[in-house]
Each structure stands twice: as structure tokens, then as C-alpha cells.
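A quick write-up on the structure given underneath.
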Amino acid sequence: MKKENKTIRPEIERRAFLKNCSKTLPSLLFLVASFDVQSILAQENSSYDASKHNYAMGINIHKCIGCARCADACKTENKVPREPHYFRTWVERYVIPENGEPIVDSPNGGINGYPEIYEKRNIDSTFFVPKLCNHCINAPCVQVCPVGATFATEDGVVLVDPKWCVGCRYCIQACPYGARYLNPTTEVADKCTFCYHRITDGKLPVCVEICPTQTRIFGEKGKKSSPLRRFFKFNDIHTLKPGLNTKPKVYYAGLDGEVI
Amino acid sequence: MLTLIIPLLNSIPGLSGYIFPNEYELQWSILIVIYPYLTGLVAGAFILASLERVFKVEALKPIYRLSLLTALAFMFIAPLPLLAHLGHPERSFEMFLTPHSSSAMAMFGFVYAWYLMVVLLLEIWFDYRKDIVIWSNEKTGFMKYLYKLLTLGATDISEKAVAFDNKIGKIITIIGIPSAFLLHGYVGFIFGSIKANPWWSSVLMPIVFLFSAIVSGIALMLIVFMITSMIRWKSISMKCLNKLAELLFYTMLVDFTLELLDFIHRLYESEESITILSQMISNRLFISLIITQIIIGSLIPMLGLIFGRFGKLPDELRRMIYFISAILVQVGIFSTRWNVVIGGQLFSKSFRGLTTYKLDIFGLEGLLVSVVLLVAPIGILWVLTKVLPPWDTDAEVAKQVKDMSADATTESI
Numbered sequence: 001m002k003k004e005n006k007t008i009r010p011e012i013e014r015r016a017f018l019k020n021c022s023k024t025l026p027s028l029l030f031l032v033a034s035f036d037v038q039s040i041l042a043q044e045n046s047s048y049d050a051s052k053h054n055y056a057m058g059i060n061i062h063k064c065i066g067c068a069r070c071a072d073a074c075k076t077e078n079k080v081p082r083e084p085h086y087f088r089t090w091v092e093r094y095v096i097p098e099n100g101e102p103i104v105d106s107p108n109g110g111i112n113g114y115p116e117i118y119e120k121r122n123i124d125s126t127f128f129v130p131k132l133c134n135h136c137i138n139a140p141c142v143q144v145c146p147v148g149a150t151f152a153t154e155d156g157v158v159l160v161d162p163k164w165c166v167g168c169r170y171c172i173q174a175c176p177y178g179a180r181y182l183n184p185t186t187e188v189a190d191k192c193t194f195c196y197h198r199i200t201d202g203k204l205p206v207c208v209e210i211c212p213t214q215t216r217i218f219g220e221k222g223k224k225s226s227p228l229r230r231f232f233k234f235n236d237i238h239t240l241k242p243g244l245n246t247k248p249k250v251y252y253a254g255l256d257g258e259v260i
Numbered sequence: 261m262l263t264l265i266i267p268l269l270n271s272i273p274g275l276s277g278y279i280f281p282n283e284y285e286l287q288w289s290i291l292i293v294i295y296p297y298l299t300g301l302v303a304g305a306f307i308l309a310s311l312e313r314v315f316k317v318e319a320l321k322p323i324y325r326l327s328l329l330t331a332l333a334f335m336f337i338a339p340l341p342l343l344a345h346l347g348h349p350e351r352s353f354e355m356f357l358t359p360h361s362s363s364a365m366a367m368f369g370f371v372y373a374w375y376l377m378v379v380l381l382l383e384i385w386f387d388y389r390k391d392i393v394i395w396s397n398e399k400t401g402f403m404k405y406l407y408k409l410l411t412l413g414a415t416d417i418s419e420k421a422v423a424f425d426n427k428i429g430k431i432i433t434i435i436g437i438p439s440a441f442l443l444h445g446y447v448g449f450i451f452g453s454i455k456a457n458p459w460w461s462s463v464l465m466p467i468v469f470l471f472s473a474i475v476s477g478i479a480l481m482l483i484v485f486m487i488t489s490m491i492r493w494k495s496i497s498m499k500c501l502n503k504l505a506e507l508l509f510y511t512m513l514v515d516f517t518l519e520l521l522d523f524i525h526r527l528y529e530s531e532e533s534i535t536i537l538s539q540m541i542s543n544r545l546f547i548s549l550i551i552t553q554i555i556i557g558s559l560i561p562m563l564g565l566i567f568g569r570f571g572k573l574p575d576e577l578r579r580m581i582y583f584i585s586a587i588l589v590q591v592g593i594f595s596t597r598w599n600v601v602i603g604g605q606l607f608s609k610s611f612r613g614l615t616t617y618k619l620d621i622f623g624l625e626g627l628l629v630s631v632v633l634l635v636a637p638i639g640i641l642w643v644l645t646k647v648l649p650p651w652d653t654d655a656e657v658a659k660q661v662k663d664m665s666a667d668a669t670t671e672s673i
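First to last, the protein sequences are chains A and B.
Under our numbering, the residues of the first sequence are numbered 1 to 260, in order.
Under our numbering, the residues of the second sequence are numbered 261 to 673, in order.
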């Protein structure tokens, strides 16, 4: 038996085995090194398929308490200049008297609160309206950009490429909602991105996450599992300036006719 | 810091009602006022030149070449205010390399390039080619080489070659007229196609821009013609001046009617934005629109032109009236541009508030730079007239004077 075994199994000498090992080990290392390590680490992101998403936002005006934590958090998260005239999102206060014109204001986007109003007239209603880029389906800003720096992504978000924008401000003029501004440090157009860096990572936009009353609902249009579905089902939905046919993707529940 | 600024916000003078927070900063400054103003002068001067060439308006012959050079001089400067206004001027060439086909502004780059390269430069070259060849033989020193360079190697000035030049020149002019219409109509479209802005969004905008361009171009040529004749101590052709004044009056009439139509139409339709627009006109734009544009810039010069052209006046007085009217027209057209560009940004898109524009004196978007941009074309024109003298030779002038006196005798008969 012993003899037979010896003939079947080819004998590898220890020395030869070690010698072969010393040859294969570097080549194995080379093989591993030739993989882009970064691409392996970033696998979580590359598995993100934009074509499978269609983001939108719902805003329930009845729930908003005007704390403007959303506007504040947005400035921190997206490095928006702290000066009062640059906002990706802001909160407007409406005070509608029985007779006469409504009083509207949004001092510093609402971040530092609102001054008291001593109104002699009877007040019909008061409410707060958070505003942001509407990520329109027919976005006028995308249409007018002379170099295509503003574009709509496959997952339905309108973005600005800061490395491509020439800073002509045509998009700012074309936006009917005043949602854009020229960033004074980068000298390019800037606006809400739905926190694109967060949503493609499976997180919520920071304004949605921080809202204490769940005024803002973030989700996907046309997905059964999306929280937006419930929002659409139980509310009357309106968009801003529908007559301009921009087809906004920020949907409001409880929108008063006075809100423009 | 912020606690200091915020209470101040509500008390900024000139702000009234509610404007969106991002609207405090006016996006398009005086530089964007100058841009359509200069472009309008280019288109207007060119259209005037083509009247002589294509429609054979003989009276305008003395200013044909001068108009072309004026158009060219203003054309060189016209894109500069746009460039200076960009946040990233170094990326401006992307508009040509990676243009976005749905953008009115991107396509304008090509319209501009077409007009400058194909229409203006070619027409001037073909028109001057014979003279350039002659000058390249006559002159000495640096100028000789400059003219030699300008001939681009085409030195044949036989009768056949010159006839060919004329034929091509005419074809270019015929292409040039719609191109000039396109150039300034397009500037109007850049504003008129912005549906977000009710002050701009109007189908009449390109047409109003076009006619105001022709008005400003004719008025400019009246001024340039009179001043250059004065500097050169030459007697001015009254026939040409009268024709210019006539044309100026007719185009002003059309322009004024169109603008009035636009105004009445808005008022009658009385859309959502009418309240804020009326407030803007009566508060912010009262001086620049009602006083400067309509009264000083349109009505007074129109009356002046009627009186100057059709009244029985001595030539001296006539010239003075024409000159003052033409200057007033320039003021009027400049305020037209101001009222469109700045006016369109003085009200909020919330339709609830008005903002204000404060013109700086220094800085890239200030008054001084603007004055430089407005004066620079005149300097360029001076250089151009030195290199390519647009004036008739004395023999030609003598012939014109003879024709004029012949005309005068036939008229008196």
C-alpha cells in the first residue's frame, strides 16, 4: 500500500514548494494591487442607480411652526454664506387680515425668528410657508443656462456644476421662485440640491431630518413604499405658480391662495 | 453681527413690501444696460448703411462708409460689458465650445460671431479693398506694410475685380440686413423669453428692441456725421442730414407706437403683476421712464424733428435742432435700456415688494467703467477713420455739391 501511494502522489520537494511559493506570492500581491482599492471601498455608492429614483418633496403648511431650523441646518450642511441674503431654503410668514393686503415677511429667512406684529385689523389666518428650489420638471433655469452647467439628474434633481458655471446669472433671472443666488465666494450660481450628497447615500435632506414637526416629507414619486404616497393620498396638493408650466416637484398641502 | 444686521433689513431705504430673501442683490447691473445699448447702436448703424447700398437711397451716400466703421467700432466693445459681468470670465469661451442649444444666451454668441466675422468685416473689406491696394502702393513706412497686410494678398484692382467686389459687397449687405435684425431682435428675445419676469416677458420685446436700435443707430450717425464734418472743417451735406432726420422721425414714430401698444396692452390685460408694475412705474421708474424716456427722449425730439425737418428754417437752425434732438434720442434710448434691464429687477417675483438699485462709482460694475465702455468705441472709431478714411475725396465732394445745386434748381423750378 505504502508503495502504491508513493507512485500515485507526485512528490514535491519542500525546497521546490517554497521556491514556487516565493514566485506566486509577489504575483498575487501584484494582482491585488492592480485592483482600484478606492473602487472597492466606494462600492456602496457605485451601486446607486439614479434611474431607479425620482425624488420629490412634500410640505404640509398646517404643520409648520416657523422655527426655521431647516433654513439654519441647510446653511450649516451646505456651507451657504451666513449673510442674510443667501438662502437655499427659507420660511415665510403670512398674516392675512380680514380686509386688505396680507403681511408677508421672512427676516433672515426666519432663522432669528419674526418680529411681533401689532395689527389693529382682525386677523383671518396666519401660517408659515417653507420655500426652496422646486426642482421643476420643466425647469426654466436648465433651459436658459448657456453652458449647460445647470442640469436635471436622472433621479429628478436639478443641480449646478460649480466647475462649469460661468456666473452669467441668467438662471437666477429665469427662476420664478427666487430660489437661486450667486454664491459670493465661488462666484457661481447656487441653490438647493435636495442635499444630493445625502440622498444618494440613503439619508434624508438635512431640512427634512431636522424638522421637529415633520412638515417636510421627502420621498420618491411613483413608489409605493414612499412616505410621499400617504402625503398625496390624505392631502389636497398644490404647487407654486402652476400657470408658468414649470411643473414643480415640491408639493404643498394646505397652500393658501395668497402664497406666490 | 447678525443681530445687528437683521433689524436693519426692514429699514433699508428703498425696500418696500416683501421681496424674496435672494432678491436683495440685483443680479444684472449697469453693465448689462450698456450691452443692449451698444448692440443696438451697431445694428442701427448697419441698417442705415444698408439702406444706401441695397435700397439706393442716394442721399445717404456720404455716410455709408462712416456708418459701417461706426458699427464695427461699437461691435468691438459690445461684448465687453457682458464679459466683465461674468462671475468666471475665464470660462466664457465654454459658450462656444459647449453651448447649450436651448439657451438664448448661448446661441447669441454665434449670432454675434456671424455678424462680426461674416457680415461686418467682410463687407468693409470688400468695400475698401480697391482703396487699400492703392494706399499700399502710395504710403510709406509702417502704414504701407499695414495696408499690404490688409489686402490679404488680393491686389488685383482691374475693372473686373472691382466689379466682383461690388457684387459680393451687395450680396453681403443683403445677408447683412436680416443678420442685423437678428442681432438686436435676439437681444430682445433674451429678455422677452423670460416667463418668470412679467416686465420682460412680451412677444413685442424683440421688435421693440429692433426699432429702438434703428432709432439709436440713425441718431448716432447724425451726431457722428455732424461732429466729424465739423472737426474736418468740411461743409455738411444738408440733403443727407435731412434724409437722416426724416428717417429718424419715421422710425421713432414706429418705435413709440409699438411701446405705447405694449403699455396699453399690459394695462388692459391687467394681469396678476399689474399692481406691482404700476407701483414700480409710479415710484421707482418715474424719472427714468416717464420723464427721461417718454418726454425728454421721445416726445421732445419727435416734435423737434417735425419742426426742424418740415418747418421753414435756415439750415443753421435746422442743424442745431437735429443735433439736439439726436442727443436727446440717445439719452432716451439709454433710459429705455435702463428701464428694461434695471426695471425688470426692481420688483420682487413675489409681486409684493420693490427693491432698489444703487449705482457704484468705482469698481468693475461702477459708473467709471461704464463711462469708459461708452467712450471707448469713439476712440476705436477715431483709429478706424485714420486707417480706413471713410470720407469722399475732394473731387467726389465737388461732384455731389454740383448735383445738389442741380437738384436745388430743379426743385425751385
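C-beta: ideal position from N, C-alpha, C; glycine also.
Per the Cβ contact rule, the region 362 to 375 of chain B is in contact with the region 137 to 144 of chain A (3 or more Cβ pairs under 8 Å).
With the rule of 3 Cβ pairs closer than 8 Å, the region 284 to 299 of chain B counts as touching the region 630 to 641 of chain B. Under the three-state reduction of DSSP, S125/A is assigned to strand. In this chain, the beta strand (DSSP E) harbouring V95/A covers T89 to P97. Rounded to whole angstroms, the gap between the alpha carbons of T552/B and T596/B is 9 Å. If only complete runs of 4 or more residues are kept, the region 591 to 631 of chain B shows the alpha helix (DSSP H) at 603 to 606, in order along the chain. Residues of chain A with a Cβ closer than 7 Å to the Cβ of T358/B are, in chain order, V147 and G148. Neighbours of I172/A in chain B, taken as residues whose beta carbon is under 8 Å from its own, are N282 and Q287 in chain order. For N60/A, the enclosing beta strand (DSSP E) has its first and last residue at Y55 to N60. Exposure of Y118/A is indicated by the presence of fewer than 16 other C-beta atoms within 10 angstroms of its C-beta. The three-state secondary structure of P130/A, taken from DSSP, is strand.
Straight across, the Cα-Cα distance linking S497/B with D652/B is about 12 Å. What G347/B touches in chain A, judged by beta-carbon distance under 9 Å, is C165, V166, G167, C168, R169, L182, N183, T186, E187, V188 and A189, going in chain order. In this structure, DSSP gives R544/B a state outside helix and strand, which the three-state scheme calls coil. Burial is judged here by how many other beta carbons sit within 10 angstroms of a residue's own beta carbon; K249/A has at least 16 and is buried. Residues of chain B whose Cβ lies closer than 8 Å to the Cβ of V208/A do not exist; the shortest such Cβ separation is about 20 Å. Within the region 442 to 457 of chain B, the residues whose Cβ lies closer than 7 Å to any Cβ of chain A are, in chain order, I454, K455, A456 and N457. Under DSSP, G219/A forms a beta bridge with A56/A.
Shown here, I103/A sits in a strand according to DSSP, grouped into three states. When secondary structure is reduced to three states using DSSP, D190/A falls in the strand class. Ranking L648/B, G626/B and L644/B by CA distance to the CA of P341/B puts G626/B first.
For G257/A, the three-state secondary structure derived from DSSP is coil. Cβ contact annotation for V379/B (same chain, cutoff 7 Å, sequence separation greater than five): I432, I435, G436 and S439, in chain order.
Using a Cβ-Cβ cut-off of 8 Å, S51/A does not count as an interface residue toward chain B, since no Cβ of chain B sits closer than that to its own. Within chain A, no residue has its beta carbon less than 8 Å from that of A636/B; the closest one is some 22 Å off. The beta carbon of R351/B falls within 8 Å of a beta carbon belonging to chain A, placing the residue at that interface. One finds V104, G178 and I260 in chain A with Cβ atoms closer than 8 Å to the Cβ of S610/B, taken in chain order. Separation of the CB atoms of V129/A and V91/A is rounded to 7 Å, and the pair is thereby assigned contact status at 8 Å. DSSP places S27/A in the helix class (H, G or I) of the three-state scheme. Under DSSP, A152/A forms a beta bridge with V158/A.
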